[in-house]
Each structure stands twice: as structure tokens, then as C-alpha cells.
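Step one of this worksheet: look at the structure below.
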Amino acid sequence: MGRMMLKNWLALLTAVFIGLSLAVISIVPPSPQGLDTPDDQFSSARAMVDVRMIAAAPHPTGSEENAKVRTYLAGQLTALGMDVDISASTLPEKALARLNRWSGQSKTEQPIYNVIGVLPGADRTKPALLLMAHHDTVWASPGSADDTVGIASILEIVRAVNETGQPARDLIVLFTDGEEVGLSGARHFFSENPLRNKVGAVINFEARGGGGTANLFQTSEGNGDAARLFARAVRQPSGNSAATYIYRILPNDTDLTPALKGDYAAYNIANIGKAEYYHSPKIDADALSESTVQHMGSQGLDLTRALLSADGFPRKKPDATFFDLFGLWTVIYAPVWGWAFLGVTLLCYILPLRRDMLRKDTLVGAVKMVGFMVIGGVVLFGLNALSGGGSGADYYDRLAAIPRLEAVAGLTIFAVFFGTFGRSQLSENGVLGATLPLFILAVAGQSIAPTATYFISLTVLLCAIATFIRRSKQTETYGQWISAAVAAILIGYMVSFGHLLMLGVGPDLPSVAILPAALAVLAILPLWRGLPKRVVTVASIASLGLAIAIALWIRLDPIASTVPLY
Ligand SMILES: [Zn+2]
Numbered sequence: 011m012g013r014m015m016l017k018n019w020l021a022l023l024t025a026v027f028i029g030l031s032l033a034v035i036s037i038v039p040p041s042p043q044g045l046d047t048p049d050d051q052f053s054s055a056r057a058m059v060d061v062r063m064i065a066a067a068p069h070p071t072g073s074e075e076n077a078k079v080r081t082y083l084a085g086q087l088t089a090l091g092m093d094v095d096i097s098a099s100t101l102p103e104k105a106l107a108r109l110n111r112w113s114g115q116s117k118t119e120q121p122i123y124n125v126i127g128v129l130p131g132a133d134r135t136k137p138a139l140l141l142m143a144h145h146d147t148v149w150a151s152p153g154s155a156d157d158t159v160g161i162a163s164i165l166e167i168v169r170a171v172n173e174t175g176q177p178a179r180d181l182i183v184l185f186t187d188g189e190e191v192g193l194s195g196a197r198h199f200f201s202e203n204p205l206r207n208k209v210g211a212v213i214n215f216e217a218r219g220g221g222g223t224a225n226l227f228q229t230s231e232g233n234g235d236a237a238r239l240f241a242r243a244v245r246q247p248s249g250n251s252a253a254t255y256i257y258r259i260l261p262n263d264t265d266l267t268p269a270l271k272g273d274y275a276a277y278n279i280a281n282i283g284k285a286e287y288y289h290s291p292k293i294d295a296d297a298l299s300e301s302t303v304q305h306m307g308s309q310g311l312d313l314t315r316a317l318l319s320a321d322g323f324p325r326k327k328p329d330a331t332f333f334d335l336f337g338l339w340t341v342i343y344a345p346v347w348g349w350a351f352l353g354v355t356l357l358c359y360i361l362p363l364r365r366d367m368l369r370k371d372t373l374v375g376a377v378k379m380v381g382f383m384v385i386g387g388v389v390l391f392g393l394n395a396l397s398g399g400g401s402g403a404d405y406y407d408r409l410a411a412i413p414r415l416e417a418v419a420g421l422t423i424f425a426v427f428f429g430t431f432g433r434s435q436l437s438e439n440g441v442l443g444a445t446l447p448l449f450i451l452a453v454a455g456q457s458i459a460p461t462a463t464y465f466i467s468l469t470v471l472l473c474a475i476a477t478f479i480r481r482s483k484q485t486e487t488y489g490q491w492i493s494a495a496v497a498a499i500l501i502g503y504m505v506s507f508g509h510l511l512m513l514g515v516g517p518d519l520p521s522v523a524i525l526p527a528a529l530a531v532l533a534i535l536p537l538w539r540g541l542p543k544r545v546v547t548v549a550s551i552a553s554l555g556l557a558i559a560i561a562l563w564i565r566l567d568p569i570a571s572t573v574p575l576y
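As C-alpha cells, this is what we get:
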């Protein structure tokens, strides 16, 4: 092996190692903070005391346990210096039918109770900030995550806020009832309760699973100002405008849905991870990841403080493009910048244009990239069907299979990469060709949904800059290392992004994982030197075989012990 070749493999392996480390940094929530955490900061250990009390037993709407939790919460809010009101209403018919189905009873009426606390601010004429979470659970689930993680986070946030003196404006806490049977408590508050007119901004806290990072996944429409405030204030951020865009299209609802009809600046933060515990009878306080509580609470506290002290609440402005970079900080810009990025991308390819650019290997690169995406997408679709996905599958059993579905996706991507790009090194023209389909996707994305497709335009931009440097005579010596740095960043981002995609839609649409995979592949192509035919064939067949075996395992194993009991 020549020295140049060795340097190349070293650059590639370094990029992969740093990339995977960056992915771990963004996928793993921050460390829990103990009982000795300074009083004005968020401590997951303190919040866990409430989690243990509240999630001691399942407490669905109308149950005796629910009444106990309600009393406990009212006591906690009073102890925090809040004026407490228990606001009663009745469960709508459809919601009651669902509750009756769960309980096997045939009640004709069911009262529900929102627990509301008001912490008076220095200026009571200012619009108030509302923090909300639901205090009911689904049937037979202790619900330490859904939504005790939200309730306990709010209690700890208010406690920390109290430590720094009276807030500038009113802080209202709303613990809703009947969320799991049709958002009933939230619907009542936002249509009937006079306090709704005092509210100017809302943060809702939710849970989907027993762990993972907490993410800003939904905002009010016209989030330009709101997202900028989040970007400025939140120190361990997680969330992006692709998620907020996609969530607007999906039919899913939380307590924030009725709030979004009002004219509020609104944020929805939920943890996503350990998906097998979603609505599970097994999600007690011990099964909940404490680091998840810390991540939800620290973001919630930063956001709460910023909103309480803001002169005015965020106003409707055109949506922003934003995303957290490895959970370390938030990148935010107006979507129109995407066009500038695409312009610079074009220039980086056109400026060093030589006559030999549009040769056969350009076409080969383009065909290989399209092949990678199409074959990868089709194989992922097929393996999902083989694993028992599709209509008729148990929704919660599929959620429990997500880690294995991610393994299937990873192995498939590996196999298809080896099959398409494995054997040979692409020339610079070939890399240019491979960029082309993704550049077209970036232009289409920028035209249709720029806030959702930033990761495509930024990828082609970074790769184009690296290509420009590699192709320039003055800089080609360290061009390889620039490419390695770009590859590290993009591998890190795309692995964590793909992980969130799999958690969000993986059991139904695993084929979407091929898009972040293609973008990461684009970044490593300049470093890829090709492997002997036999190595490539063995690697490709072995990983595909393993993917098939795992898919069959998912199909044939008994239904997960964590699935809900209703
Ligand atoms: Zn919930």
C-alpha cells in the first residue's frame, strides 16, 4: 500500500470515528444533575422525587389514583406559592366512550379536573406564560414518562424560577386531565377558561417513550421570532425545523393542538426514545431515563426564563430554518439563505470547471448515487415488510422493534453502499456526478419546503467547498483533510438525524433513512479508495444476510412484553 493510499484510509477512518462520536454526543441526553445542584438550576434528581410520587400507579382519567395525583399536584403548586384552582368539566361523549372501553364500565358521565396554578408576576398586566402537561395516563400504565416527565419538569422549573425572585410577568401552570382520551382538559381550557385570554405564550411538555433526548418538535405558525428566542436562550438544545415542518403535516395531536388555534407563541417539547415504553404498563419511575428528565427540564427552564423576562412575547414572523448542532448549539437563519448556499455550491463546481468535467465518469457517479438511493429505499421497504411491518401490525410491538429496525437499516445501507460504490474510487468527475442528484433534490426542497430540507442544501454546500479546495492547485495538499472534516461533521449529523427519523417514522417508513445515508455517503466518497472485489462481495452479502436475519427475528418473535394492556 502506498503512503498516499495509507493517508487516505487514515483520513477516512478518522472521519468515521469522529463522526460517530459526534452522533453519540447528540443522541445521548446530558447527565442527570443531583440533589446538590444549585437551587436556581434544574435538577433531575429533585424532579425524580415527584416522578416517584406521581407514577406510583396508573392514574387514568376518573380513577381513584388520578384523584390522589390531583391532590398531590395541587399541594405542590400551593407550596410553590401559586394560587391554585381545580377546574372541573365533563368528558365529551366520544372521550367517555373510549374511557368506558378501557375500564369495561358503562358510565354515562365523567367529570375531569384541570389543576391550574398562577404565580403572580411583578407586572400583572403583561400577558402570561403558560406551562402545561397532562396529569392523566392511559389505562394500566404508571406513565412515569407520559406525561409525568412533563409534570415533574414543570414543578422543578417553577421551583428554580422562584429562586431568582418574582418573575416579571404571571406564570401559569396547567396540568390537564383527559389528554389520553381526546385532549379533553386542554380543549376545555382553551375554549372556556377565562385565563386563556391572559396567556400570551405556551410551552407544552410531552413524552413518546421512556428515554432519549427531549426535542422541540412543534411550534406555533410563523415561528421566526419564537425559534430565535429558543436558539438564544436554550443551552442544551435539541430540535429542528424539519421536525416542526413534518409534524405539521402528520395527523398526530397533543394538548398543544387546541392551543394552536389561539394567537399564542407556542412550543412543544417531547422526549423520543426507548419507544417500547410508550403507553406501556412497564414504564414506572425506574424505567424512565433520568437524563431524559434533565434534558427536558434544562431546555424548559432556559426557555421559561427567557420568555418570563422578555419585553414582549415572540410575534408571528416568517418561519425560520433552525437545527441543533450535536445538541451543543442552535443554528438558525432565514430560509432564503438556502438559495445563497445553493448558489455558492454551483460556483464551487463551476469555477474550477475544465473541459474534461462532463465525461463518462460524471454520468457513472450520478447513476451510482441514484442507484444507491433507489435500491436502498426498495430493500428497506422490502425488509420492513419481511419484518412484519405494514397494515395489521401491532403499533406498539413495532415501536419495541425500533432498535432492531435501526440495525436492519444500518446493515442495509452498508450492503448497498458496498454494492454500488465499494469496488472503485470515484474520480473528481465521478464525485461531481454523485452530487448532481442530491443537488437537484436540494433545489426542489428549497423551492417547496426550505425549512424542512436545510440538511440537503447544507450538505451539498459543504461538499462543494471541500471539492473546490481539493481541486485548487494551491490547496490540494490539505484538501484531503478538509474532506475528512466535512465527512466527520456530516456523518455525525446524518447518523443522529437518521436515528430521530427512525424513532419518528421508522416502523412505517424506514425507506426515508436512505436520504441521510446518501448525504453521508456523498461526504465520504472523496476519501473512498475502493476495495478488492472479493472483500466487497463478502461484506455486501454478509451485511444483507444479517439484515434479513434480524428482519425475520422481528417477525417471528412473540409480541413485546411492554405493549399496552388495552
Ligand atoms: Zn402524553
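In our numbering, the protein residues as written are 11 to 576.
Beta carbons are placed, not taken as given, at the ideal position from N, Cα and C, and that holds for glycine.
Being a predicted model, the structure only gives us computed values, none of them experimental.
{"Check": "When E75, A77 and Q86 are compared against R56, the one with the closest alpha-carbon", "Outcome": "Q86"}
{"Check": "8 Å Cβ cutoff met for Q304 and P42", "Outcome": "yes"}
{"Check": "Candidates D50, A570 and K208: closest to V168 by CA position", "Outcome": "D50"}
{"Check": "C-alpha gap between I564 and T88, whole angstroms", "Outcome": "49 Å"}
{"Check": "Secondary structure, alpha helix (DSSP H): runs of 4+ residues fully inside the segment 360-437", "Outcome": "370-396, 405-410 and 412-431"}
{"Check": "Rounded straight-line distance, which links the Cα of M512 to that of A523", "Outcome": "7 Å"}
{"Check": "For V577, the first and last residue of its enclosing alpha helix (DSSP H)", "Outcome": "Here the chain comprises residues numbered 11 to 576, so residue 577 is not present and cannot be evaluated."}
{"Check": "The segment 293-311 contacting the segment 33-40, beta-carbon criterion three pairs below 8 Å", "Outcome": "yes"}
{"Check": "Close beta carbons around A530, own chain, < 6 Å, minus the five adjacent residues each side", "Outcome": "L500, I501 and M504"}
{"Check": "Ligand 1 site residues, beta-carbon cut 7 Å against heavy atoms", "Outcome": "H144, D156, D157, E189, E190, E216, A217 and T264"}
{"Check": "Coarse secondary structure for R539, derived from DSSP in three states", "Outcome": "coil"}
{"Check": "Limits of the alpha helix (DSSP H) - the one that M14 falls within", "Outcome": "R13 to I37"}
{"Check": "Nearest-angstrom Cα separation, counted from N233 out to V191", "Outcome": "29 Å"}
{"Check": "Minimum C-alpha distance to H198 - residue among F427, A269, G153 and I492", "Outcome": "A269"}
{"Check": "Terminal residues of the alpha helix (DSSP H) in which D334 lies", "Outcome": "Where D334 is concerned, there is no enclosing alpha helix (DSSP H), although the beta strand (DSSP E) it sits in stretches over T331 to L335."}
{"Check": "Whole-angstrom C-beta distance between L311 and L448, which should lie under 8 Å", "Outcome": "Not a contact, Cβ separation roughly 39 Å."}
{"Check": "Bridge partners - K327, DSSP secondary structure assignment", "Outcome": "N233"}
{"Check": "Length of the line joining the Cα atoms of S482 and P362", "Outcome": "7 Å"}
{"Check": "Per-residue burial, F431 [other beta carbons within 10 Å of its own, 16 or more giving buried]", "Outcome": "buried"}
{"Check": "Buried versus exposed, by CB contacts within 10 Å (16 or more), D133", "Outcome": "exposed"}
{"Check": "Reduced DSSP secondary structure (H/G/I, E/B, other) of P121", "Outcome": "strand"}
{"Check": "Buried or exposed (CB count within 10 angstroms, at least 16 for buried), G420", "Outcome": "buried"}
{"Check": "Residues sharing a beta bridge with N225, DSSP", "Outcome": "A280"}
{"Check": "Exposure of S467, with buried meaning 16 or more beta-carbon neighbours within 10 Å", "Outcome": "buried"}
{"Check": "CB of P574 within 8 Å of CB of Y406, strictly", "Outcome": "yes"}
{"Check": "Identity of the residues DSSP links to M142 by a beta bridge", "Outcome": "L184 and N214"}
{"Check": "Beta carbon of R369 nearer than 8 Å to that of I560", "Outcome": "no"}
{"Check": "First and last residue of the uninterrupted alpha helix (DSSP H) at Y257", "Outcome": "S251 to I259"}
{"Check": "Helix, strand or coil at P137 according to DSSP, with G and I counted as helix", "Outcome": "coil"}
{"Check": "Chain-order list of residues whose beta-carbon lies under 6 Å from that of K136 (same chain, five-residue window excluded)", "Outcome": "R179"}
{"Check": "The alpha helix (DSSP H) enclosing W112, as first and last residue numbers", "Outcome": "E103 to S113"}
{"Check": "Proximal residues to T223 (C-beta, below 6 Å), its chain only, five neighbours per side dropped", "Outcome": "P39, S248 and H305"}
{"Check": "Nearest-angstrom Cβ-Cβ length linking A462 and S290, presumed shorter than 8 Å", "Outcome": "About 31 Å; that fails the 8 Å criterion."}
{"Check": "Residue range of the unbroken alpha helix (DSSP H) whose run includes V303", "Outcome": "E300 to S319"}
{"Check": "Where the beta strand (DSSP E) through I96 begins and ends", "Outcome": "D93 to T100"}
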